Structures are given as structure tokens and as C-alpha cells.
Amino acid sequence: MNVVKIINVSRFYKSGLSIVKAVDNLSLDLNIADFSVVAGPSGSGKTTLLNLIGGLDKPCEGQVFIDGESTHNKNEAQLTDLRRDKIGFIFQAYNLLPVLTVYENIQLILQIQNIDEKLHKEKIFSILEDLGLKDLYKRMPSELSGGQQQRVAVARALINEPKLILADEPTANLDSESANKLMNLMQKLNHEKNVTFLFSSHDPMVIKKAKKVINIRDGKILE
Ligand SMILES: Nc1ncnc2c1ncn2[C@@H]1O[C@H](COP(=O)(O)OP(=O)(O)OP(=O)(O)O)[C@@H](O)[C@H]1O
Ligand SMILES: [Mg+2]
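Here is the structure:
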């Protein structure tokens with residue numbers, strides 16, 4: 009079974025009198041343990057595609073299946089459950105909760121998933137260590153740089169080891185050393201836990217590390 013299957017998916021936007029085809033009749037399969045990148049220039053439809061796959065946006069046409077389940081007939085609550093159970097998101101807007109510390113932002117995911125409290129500390133510190141955030145665990149998001157906030161968002165997406173991780177330009181705000189570390193961590197999860205990754209990027213270093221490159225232009229896959 010495909011972790012992700014999308015069939016003839018389109019997402020159009022009205023722009024004055026014309027219509028922008030952000031994603032245009034696009035089909036794509038992702039299998040377990042894929043490590044794929046969506047590459048394309050600004051405006052080519054990368055974010056729109058990831059949002060459609062993650063159930064954050066609905067297609068105008070076509071079907072999206074996650075782990076064999078169609079998202080077509082699901083209501084908001086059912087989509088939220090599907091996202092919580094199967095998908096980790098790393099998006100450009102980090103969406104950290106401003107009133108919680110770094111540690112608490114990550115712990116929240118484990119609490120939502122009912123993971124045994126006794127395991128929290130070890131899991132959280134292990135991932136903070138991997139991302140070079142260990143000394144910052146008590147800080148509030150407002151006390152962190154953009155790149156540090158990005159890494160907390162990454163830690164949060166990785167903490168419950170979801171089946172699928174969608175990452176929209178995960179290295180965009182990172183210096184090259186942090187970007188490299190992040191990619192290595194994602195590769196490790198991919199190898200060791202068979203997590204399926206789909207990320208978008210402009211960064212040649214990131215694109216080089218992908219097992220498969222999906223080039224898109226104007227919402228279509230280039231052959
Ligand atoms: N909410 C919206 N309303 C109207 N048009 C939109 C909207 N969101 C995206 N678009 C348009 O859809 C197209 C695809 O946008 P998208 O954000 O998916 O591109 P992208 O490849 O992620 O670009 P970038 O690399 O700059 O992040 C663009 O032409 C964009 O202007
Ligand atoms: Mg984008």
C-alpha cells in the first residue's frame with residue numbers, strides 16, 4: 009500500500025479574471041521509506057502540493073489517499089485525527105505555541121498521543137541533543153532565533169515518529185551546518201524507522217540527499 013497516493017489532483021485559485029493553476033492535474037505515489045524532494049522555482053506549487061497531501065487544504069479536483077484512506081469524505085475532525093496519527097509537519101511558519109517553553113512545545117505532542125509520561129524526558133532530550141537544542145529547553149519561542157525556532161518545529165514533528173513527514177523548505181532558515189545536521193537526522197529516521205519523507209526545497213544540498221527528485225513547474229510534474 010502507498011503511504012501517499014494522489015490521483016489527478018488540482019488546486020485552482022481565482023486571481024481577478026484569470027485562474028492560477030497552483031497544482032494542475034497531478035498524480036503521485038509515495039511508498040514506505042521514500043525520501044523524496046519536490047523541487048521547483050518560487051510559485052511552482054510546492055507548498056500547495058504539500059498542503060493538499062497533508063489535508064491542510066482540499067483539492068478542487070482529484071483524490072488524496074493517506075495510508076490507504078481517502079481524505080475525500082472526511083470532515084475536519086476526522087482529518088485532524090488522520091494528521092495527528094500519521095503525519096508530522098515541518099512548515100515555514102513554525103507554529104510554536106508562544107506561551108510554552110521549548111520542552112513543553114515538544115511534550116505537547118507526546119501528551120496528545122497519550123505516550124507514557126515516564127518516557128517523555130528521555131525522548132525529548134534525545135531529540136533536543138540531536139538538533140543542538142539541549143541548552144535551550146527552558147526558553148520561550150520568543151527568546152529564540154528564527155533558525156532555532158525552526159529546529160524546535162522539526163523536533164516537534166519528529167518526536168512521535170509519524171509514518172509520513174511533510175517538510176516545506178525545512179532548511180530555508182538554517183545555516184549550512186544546521187541544515188546538514190537536520191538532513192542527517194531525517195536520513196537516519198528514514199533508514200532506521202522507515203519513515204517516509206516528502207520535502208520541498210531549492211537547496212542543492214538538500215536536493216542531492218533525496219532518493220527521488222520530483223521536479224514541478226506551474227503545478228505539473230516535469231517528465
Ligand atoms: N491563497 C492563494 N490565493 C491565490 N493564489 C495563491 C494562493 N496560494 C498560492 N497561490 C498561487 O499558487 C501558485 C503556487 O504557490 P505555492 O505557494 O504553492 O508555490 P511554491 O512553489 O511553494 O513557492 P515558494 O518557493 O515561493 O514557496 C503561485 O502562483 C501562487 O501565487
Ligand atoms: Mg512554498
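If you want the numbering used here, it's the position in the sequence shown, counting the first as 1, plus 8. The beta carbon of each residue, even a glycine, is placed where N, CA and C say it ideally should be. Please read all numbers here as calculations on a predicted model, not as lab measurements.
A distance below 6 Å between beta-carbons, with the five flanking residues on each side excluded, links R91 to the following residues of its chain, in chain order: G63.
In this structure the segment 113-128 does not touch the segment 69-80; the number of beta carbon pairs closer than 8 Å is below three. Here L57 is buried: its Cβ has 16 or more other Cβ atoms, across all protein chains shown, within 10 Å. Excluding sequence positions up to five before and after G140, its CB lies within less than 8 Å of the CB of R159, S186 and K189, all in the same chain and listed in chain order. Remark: fewer than three beta-carbon pairs, one from each stretch, lie closer than 8 Å, so the segment 217-231 and the segment 167-176 are not flagged as touching. In the three-state scheme derived from DSSP, where H, G and I count as helix and E and B as strand, Y102 is classed as coil.
DSSP, read as helix, strand or coil, puts G96 in strand. DSSP places G70 within a strand segment (E or B) once states are collapsed to three.
Going by C-alpha positions, I173 is about 30 Å away from I27. Per the coordinates, the alpha-carbon of V110 lies some 34 Å from the alpha-carbon of P67. Scanning I117, N103, I135 and N181 for the CA closest to the CA of G155 turns up N181.
Distances between the C-beta of T79 and the heavy atoms of ligand 2 are all 7 Å or more.
Counting only runs that start and end inside the segment 130-207, the alpha helix (DSSP H) elements of at least 4 residues fall at 154-166 and 184-201. Across the set M9, N16 and E177, the C-alpha of N16 shows the shortest separation from the C-alpha of I229. For K217 and A175, the gap between their C-alpha atoms comes out near 14 Å. Around the beta-carbon of Y102, 16 or more other beta-carbon atoms lie within 10 Å, marking it buried. L34 has V17 as its beta-bridge partners, per DSSP.
Our two residues, S35 and A47, have alpha carbons roughly 16 Å apart in a direct line.
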